[in-house]
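*Asks:* Structure in structure tokens, see below.
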Ligand code: PGA
């Protein structure tokens, strides 16, 4: 009942030339009808390029971040309305790199979540614990609080039409992956926290997903796809991961 979703997070990588090559080589293989849905999140300046290259395909596009504000004196920010205007369907909110390097708090992430929905973008809410928090056995508390901040501001029903991505910080870009059992435990917990709407919400796993571990992760009951960083920069690897979600 939950359609698998694989989202590429290119982070701050790419150029007009390399993006074009990467997208075209992916599209050459990802043709026709698929059970899994795929979306790509390039850096903001390249969103129009991606929108154009992907226009005739069934691959969606998403932003890596969205402003909590709609317009005005917010130098450097990009609003949800602008993202929708150029054809975005998704927006990542609360990625751990935004939380860590840009001081995004649970409260700000919740505002961004609401701002994305105000402009009909589907938020991909990223949550996850640091290594220290996992070692202190605080994983479920931390993830629960990150989720609660959004539920409190947006309301539980708003989360029904969103996507959640569980990304343990210690597994992002490190080559370390949560075991399928570790990930499943947190995914099941997130679903349980969402109560009656939980069964319909897609919960993605992120953190060093690669062709070699995708299938096993996707075989877990509560893992509905992936948010893929490093491996999404290689179109062969990204294609394999998308295939594993089918
Ligand atoms: P990674 O990044 O796949 O390179 O670990 C995932 C993410 O940060 O979304």
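In this note's numbering, the protein residues as written are 275 to 520. Where is the CB? At the ideal position from N, CA and C, for every residue including glycine. Values in this document were obtained by computation on a predicted structure and should not be read as measured data.
Quick check: the stretch 463–471 against the stretch 481–489, are there 3 or more CB pairs under 8 Å?
*Replies:* The stretch 463–471 vs the stretch 481–489: no contact.
*Asks:* When you compare each of 288, 287, 302 and 275 to residue 510 by their alpha carbons, which one comes out closest?
*Replies:* The residue with the shortest Cα to Cα distance from residue 510 is 302.
*Asks:* Taking 6 Å as the cut-off, is the beta-carbon of residue 287 closer than that to any non-hydrogen atom of the ligand PGA?
*Replies:* No, since every heavy atom of the ligand PGA falls outside the 6 Å radius drawn around the Cβ of residue 287.
*Asks:* Buried or exposed: which applies to residue 435, given that a residue is buried once 16 or more other Cβ atoms fall within 10 Å of its Cβ?
*Replies:* With fewer than 16 Cβ atoms within 10 Å of its Cβ, residue 435 is classed as exposed.
*Asks:* Assuming residue 477 is part of the beta strand (DSSP E), what are its boundary residues?
*Replies:* Where residue 477 is concerned, the enclosing beta strand (DSSP E) stretches over 476–480.
*Asks:* Looking only at its own chain, which residues have a Cβ that is under 6 Å from the Cβ of residue 393, when we skip the five neighbours before and after it?
*Replies:* Excluding sequence neighbours, residue 393 sits near 354, 355 and 358.
*Asks:* Go ahead and label residue 277 buried or exposed: buried means 16 or more other beta carbons lie within 10 angstroms of its beta carbon, across all protein chains shown.
*Replies:* When all chains shown are included, residue 277 counts as exposed.
*Asks:* Of the residues 326, 412, 319 and 332, which one's Cα is nearest the Cα of residue 309?
*Replies:* Comparing Cα-Cα distances from residue 309 to each of 326, 412, 319 and 332, the minimum goes to 332.
*Asks:* Please look up how many angstroms separate the CB atoms of residue 362 and residue 321, rounded, as I've assumed it's under 8 Å.
*Replies:* Correct: roughly 6 Å between the Cβ atoms.
*Asks:* Let me check one thing: in DSSP terms, what residues is residue 400 bridge-paired to?
*Replies:* 439.
*Asks:* Between residue 297 and the ligand PGA, is the CB less than 6 Å from at least one heavy atom?
*Replies:* Residue 297: no, Cβ never under 6 Å from the ligand PGA.
*Asks:* So what's residue 395 in DSSP terms, helix, strand or just coil?
*Replies:* Reduced to three states, the DSSP call for residue 395 is coil.
*Asks:* Measuring CB to CB, does residue 315 end up less than 7 Å from residue 283?
*Replies:* A contact, by the Cβ cut-off of 7 Å.
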